[in-house]
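Novice: Here's a structure for you.
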Amino acid sequence: MSQTSDEGLLLALLNTTPTVEGVRVDRLADPEDARAWVREHTGGDIQEDVALLRATRDTLKALVDGEAEATALAPALDGVSYRAAIGDTGIDWELAAPAEHALAARAAVAWDALRHSAPGRVRRCGNTEECSLFLIDHSKSNSARWCSMAGCGNRMKARRHYERRKRTRSEP
Numbered sequence: 001m002s003q004t005s006d007e008g009l010l011l012a013l014l015n016t017t018p019t020v021e022g023v024r025v026d027r028l029a030d031p032e033d034a035r036a037w038v039r040e041h042t043g044g045d046i047q048e049d050v051a052l053l054r055a056t057r058d059t060l061k062a063l064v065d066g067e068a069e070a071t072a073l074a075p076a077l078d079g080v081s082y083r084a085a086i087g088d089t090g091i092d093w094e095l096a097a098p099a100e101h102a103l104a105a106r107a108a109v110a111w112d113a114l115r116h117s118a119p120g121r122v123r124r125c126g127n128t129e130e131c132s133l134f135l136i137d138h139s140k141s142n143s144a145r146w147c148s149m150a151g152c153g154n155r156m157k158a159r160r161h162y163e164r165r166k167r168t169r170s171e172p
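Numbering (UniProt numbering), first residue to last: 1 to 172.
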């Protein structure tokens, strides 16, 4: 898998607890929903250890928030290594992980790659009152604040505009 697709997997895993109509939902809590999520991200029906996947997600969230140490990812990385794949154009390194926690391992490795290549680029949406999603900031200036400009970005900008107008109307 490519680093970009694994960044997408990392973000998708972090965002498995969205806030829907003011209530936090866990897409990995129900076994059927979890299997559907795993199928969606593997293209097949693999036997991912969903409890470990949830624990890895929670650890990754804590790491992004600065509330955990990287050693907490040890269960997701148990038995994981890289193996060389030699082709006509050179050597590629492929992640080798036990099938029951391949997604957890890929997400953990993607987080670590971003931690090194783009520190501080994985973060929570700035709309903390209504949103529980994360984003990976790929902007040149590292200034992205919202999970979605169309959703949270517009709501936050409209809220600030309303507050400014309200203040100017109440001033003497």
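The beta-carbon is built from N, C-alpha and C at its ideal position, and this holds for glycine as well.
Look at the alpha carbon of Leu114 and the alpha carbon of Ala104, and state the distance between them as a whole number of angstroms.
Specialist: Taking the sequence shown and counting its residues from 1, one reaches residue 114 at position 114. Taking the sequence shown and counting its residues from 1, one reaches residue 104 at position 104. Straight-line Cα distance between these residues: approximately 16 Å.
Novice: Hey, quick one: how far does the alpha helix (DSSP H) through Ala85 stretch, first residue to last?
Specialist: Locating residue 85 in the sequence shown gives position 85, where the first residue counts as 1. Taken as a continuous stretch (DSSP letters only), Ala85 belongs to no alpha helix (DSSP H), being part of the beta strand (DSSP E) at Ser81 to Gly87.
Novice: The alpha helix (DSSP H) spanning Asp33 covers which residue range?
Specialist: Your numbering for residue 33 matches position 33 in the sequence shown. Asp33 -> alpha helix (DSSP H) spans Pro31 to Thr42.
Novice: Would you give the residue range spanned by the alpha helix (DSSP H) that Arg115 belongs to?
Specialist: Within the sequence shown, numbered from 1, the residue matching residue 115 stands at position 115. Where Arg115 is concerned, the enclosing alpha helix (DSSP H) stretches over Ala102 to Ser117.
Novice: Less than 7 Å between the C-beta atoms of Thr56 and Ala68, yes or no?
Specialist: For this step, residue 56 is matched to residue 56 along the sequence shown. For this step, residue 68 is matched to residue 68 along the sequence shown. Between Thr56 and Ala68, the gap from beta carbon to beta carbon reaches 7 Å or more.
Novice: With DSSP collapsed to three states, give me the class of Asp58.
Specialist: Counting from 1 along the sequence shown, the entry for residue 58 is found at position 58. Three-state result, Asp58: helix.
Novice: Compute the distance between the beta-carbons of Asp33 and Arg27, then report whether it is under 7 Å.
Specialist: As a position in the sequence shown, residue 33 is number 33, starting the count at 1. As a position in the sequence shown, residue 27 is number 27, starting the count at 1. Yes.
Novice: Measure the alpha-carbon distance for Cys131 versus Asn142 and round it to whole angstroms.
Specialist: On the sequence shown, position 131 is the one that residue 131 refers to. On the sequence shown, position 142 is the one that residue 142 refers to. Cα to Cα, Cys131 sits roughly 20 Å from Asn142.
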